[in-house]
Amino acid sequence: MLILNDQSMKNMNILRGGGILTIFKKVTEGAKSLGEGARTIGKKSSDLVETTKLKMEISKREKEMENNLSALGNLVFMQYKGEEGLEDEVDRLLQSTRELETEIAELHEQVARLNPKPPTCPSCKTQLPLVAKFCYICGTKITSDNPEG
Ligand SMILES: [Zn+2]
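Residue numbers (the numbering used here): 157 to 305.
1) Given 8 Å as the limit, is there contact between the stretch 242-249 and the stretch 261-269, that is, 3 or more CB pairs closer than that?
2) DSSP has Ala290 in a bridge; who is on the other side?
3) With DSSP collapsed to three states, give me the class of Thr282.
4) On the DSSP letters alone, give me the boundaries of the alpha helix (DSSP H) that Leu263 sits inside.
5) Return yes when the C-beta of Ile293 is under 7 Å from any heavy atom of ligand 1, and no when it is not.
6) Give the straight-line distance between the Cα atoms of Cys118 and Asp203, rounded to the nearest whole angstrom.
7) Spatial neighbours of Cys291 within its chain, please: CB distance less than 7 Å, with the 5 preceding and 5 following residues excluded, ordered by chain position.
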């Protein structure tokens, strides 16, 4: 027979309250991030979608690269221990890893093209808005090919 005294009833209420609070917090956090997303989407939704896709492709290849490298490590160790006939597999993995590396670099370039970095004043290093033609602090002309930093 279960007897609930006042104290355990209070504890249960606190637990329930905590649960509701957590859910409420999650809902508001979700709403917040939705709001932020909507604001950015107002600008260029297709670029955002594309960037997200590219980043997924990058992380997919990065994971593949990690797998390749760890497999290569195993193969090298097996060779060291005297196992033979692994050269073809090592070669295949080396080539595939290099291809992945190239692809990752290309994907990063695509992301950078979609998300141009705001310019930094070459003279006083002030971070400027993306559309700035002149530095608003020192008046230096900002050229479009101004390297960042
Ligand atoms: Zn400046």
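All C-beta atoms in this analysis are idealised placements derived from N, C-alpha and C, irrespective of residue type, glycine included.
Taking the definition as stated:
1) Under the 8 Å Cβ criterion, the stretch 242-249 does not count as touching the stretch 261-269, having fewer than three qualifying pairs.
2) A small correction: the amino acid at residue 290 is Phe; Ala does not occupy that position in the sequence shown. When DSSP reads this structure, Phe290 sits in a beta bridge with Lys297.
3) In the structure shown, Thr282 sits in coil (DSSP, three-state: anything other than H, G, I, E or B).
4) Start and end: Glu243 to Leu270.
5) Yes, ligand 1 has a heavy atom inside 7 Å of this Cβ.
6) Shown here, the chain extends from 157 to 305; a query on residue 118 therefore has no answer.
7) Excluding five sequence positions before and after Cys291, the CB atoms of its chain that fall closer than 7 Å to its own CB belong to Cys277, Ser279, Cys280, Thr282, Leu284 and Ile298, given in chain order.
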